[in-house]
Amino acid sequence: MRNSGLRVILGTGGTIAGKASRPGDNVGYVAGQVKVEDLLAGVPALQGVPMEVEQVDQIDSKDMHLGVWQRLLARLAHHLAREDVSGVVVTHGTDTIEETAYLVHSVLRPSKPVVFTCAMRPATALVPDGPQNLLDAVTVAGHPQAQGVVVVCAGQVHAAEHLAKVHSYRTDAFDSGDAGPLASVEEGQLRWHHGVEGVSAQAPDNGLLQRLLQAEALPRVELVTSHAGADGGVVRAMLRAGASDTSLWPQGIVVAATGNGTVHRDLAQALSEAMAKGVRVVRATRCARGRVIPDPANPIPDSAGLSPVKARLALALALLGP
Ligand code: ASP
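Heads up: the sequence shown begins at 0 in numbering that gives the first Met the number 0, then just goes up one per residue.
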């Protein structure tokens, strides 16, 4: 490999570490079984690359929760501060990789590369995709031009802000929407499509990191969808439940709105009742592509181009306090 520098590999589980009882079984497996050091040992091209390995968790990322995020953020902050580390790779399940990558991007804002990778086939598959993704991710983490939080899968490098899982089964399950991928990884070489300016590295928000590491829970932000017949009943039920049990009170609601941020009038009525009670509401679009175009006249702010799940995280972080 051309690149150099110590890379730290943090394992969190996912299908990349999944095992099935039959080798041909690509769906009936258990995620998060194989240790990350064993995954690395299965990639001969990584021999000789300076690496340190840590198992942060072994979780199916559909079950991702604050505790894993806190451990991961703490270990990332530790390793990124080390002068001898050129980049970090995180192995993760595909289901919520876009949420974890966006969280790390928002909180740590690293200038060094933090490269998430994953697989759509378990380690026991006839043709697992994890080894190539892992090799590509280690390549990107050691590349002199790589920076910030990216996700590497199926030969493409995606920025954390834009990445979304768009396919439930194909090995190239990710897409960066209108922005497109940042780069392709081809035989150990990066071919940039946007240039490195595509990933924004800023000063880390140490206050936010500390608040997050100390939080017992994230502020409750619920996700509702506008659809034909959306009558707002779910929003009113949340407000009723929250009135009798404060732990259920929604501090924020993200509405996955139709098209350019439009909301069924009956749901909009319930959301304005929630806003009148102090609940922060944000509109994202449920469309796979495009964004809600800002409209200062709309009483519900837009998500600044974030998808519903990322807007939910952004609002939770904002509610965590200054
Ligand atoms: N359920 C798995 C996970 O997210 C799916 C995957 O990794 O592809 O951990």
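We put the beta carbon where it would ideally sit given N, CA and C, even for glycine.
These figures come from a predicted structure and were not determined experimentally.
So residue i packs on residue j, CB below 8 angstroms; how close in whole Å?
i, j, result
"G154", "E185", "7 angstroms"
"L212", "L72", "7 angstroms"
"L319", "R210", "5 angstroms"
"T9", "R74", "Note on identity: in this sequence residue 9 is Leu, with Thr being the wrong assignment. Between R74 and L9 the Cβ distance is about 6 angstroms, and since that is below 8 angstroms, they are a contact."
"E36", "V7", "Not really, about 12 angstroms apart at Cβ, beyond 8 angstroms."
"I15", "L38", "7 angstroms"
"A273", "L217", "About 18 angstroms separates the two Cβ atoms, so there is no contact after all."
"V234", "A202", "Not really, about 37 angstroms apart at Cβ, beyond 8 angstroms."
If distances are taken between C-alpha atoms only, which option among the options comes closest to residue i?
i, options, result
"S20", "G10, L45, Q32 and V156", "Q32"
"A275", "G13, G251, P112 and V48", "G251"
"E221", "V42, R70 and V281", "V281"
"G147", "V126, V165 and V113", "V113"
"A315", "D128, A202 and E98", "E98"
"H322", "D171, T95 and V156", "Residue 322 is absent from the structure shown; the chain starts at 0 and stops at 321."
"V106", "K18, A159, D37 and R190", "A159"
"K309", "H263, A267, V254 and L181", "V254"
"R81", "L5, G27, P295 and G176", "L5"
"D177", "H161, L45, R190 and Q188", "H161"
"L181", "A145, R70, G232 and D128", "A145"
"W248", "V278, A267 and R70", "V278"
"Q57", "T11, D94 and N25", "T11"
"I96", "D135, V150 and E53", "V150"
"L79", "H104, P295, S60 and D94", "H104"
"S60", "D83, G13 and R190", "G13"
"G179", "A163, R169, L189 and T170", "A163"
"D230", "S183, D265 and Q69", "D265"
"R190", "D135, D174 and T170", "D135"
"A267", "D24, P293 and G232", "G232"
"H207", "P321, Q54 and E53", "It should be pointed out that residue 207 corresponds to Leu in this sequence rather than to His. Residue P321 is the option with its Cα nearest to L207."
How should residue i be labelled, buried or exposed, when 16 other C-beta atoms within 10 angstroms of its C-beta is the threshold for buried?
i, result
"N205", "exposed"
"V29", "exposed"
"S306", "buried"
"A40", "exposed"
"T284", "buried"
"R311", "buried"
"E215", "exposed"
"L131", "It should be pointed out that residue 131 corresponds to Gln in this sequence rather than to Leu. Counting Cβ neighbours within 10 Å, Q131 comes out buried, since at least 16 surround it."
"R1", "Confidence at R1 is low in this model, with a pLDDT of 38, below 50, so its placement is unreliable and no value can be given for it."
"K34", "exposed"
"S85", "buried"
"L125", "exposed"
"P43", "exposed"
"P109", "buried"
"E172", "Reading off the sequence shown, one finds Ala at residue 172, where the question assumed Glu. By the neighbour-count rule (16 or more Cβ atoms within 10 Å), A172 is buried."
"P127", "buried"
"S167", "exposed"
"G304", "buried"
"V137", "buried"
"G27", "exposed"
"A296", "exposed"
"G47", "exposed"
"H77", "exposed"
"A236", "exposed"
"D174", "buried"
"G17", "buried"
"D294", "exposed"
"A313", "buried"
"D94", "buried"
"G23", "exposed"
Based on DSSP bridge pairs, tell me the residues matched to residue i.
i, result
"M50", "R6"
"V280", "I252"
"Y28", "A19"
"P112", "G147"
"S183", "Q155 and R190"
"K164", "F173"
"I58", "G12"
"T257", "T261"
"V84", "L5"
"E221", "I252"
"T90", "G10 and T116"
"D325", "Nothing in the structure corresponds to residue 325, since the chain is present only between 0 and 321."
Contact the region 213-226 vs the region 109-126: 3+ CB pairs below 8 angstroms: no
Touch test, the region 281-298 against the region 245-262, Cβ-Cβ under 8 angstroms, three pairs minimum: yes
Touch test, the region 55-65 against the region 130-141, Cβ-Cβ under 8 angstroms, three pairs minimum: no
Contact the region 109-117 vs the region 81-91: 3+ CB pairs below 8 angstroms: yes
Cβ contact (3+ pairs, closer than 8 angstroms) linking the region 293-303 and the region 231-244: no
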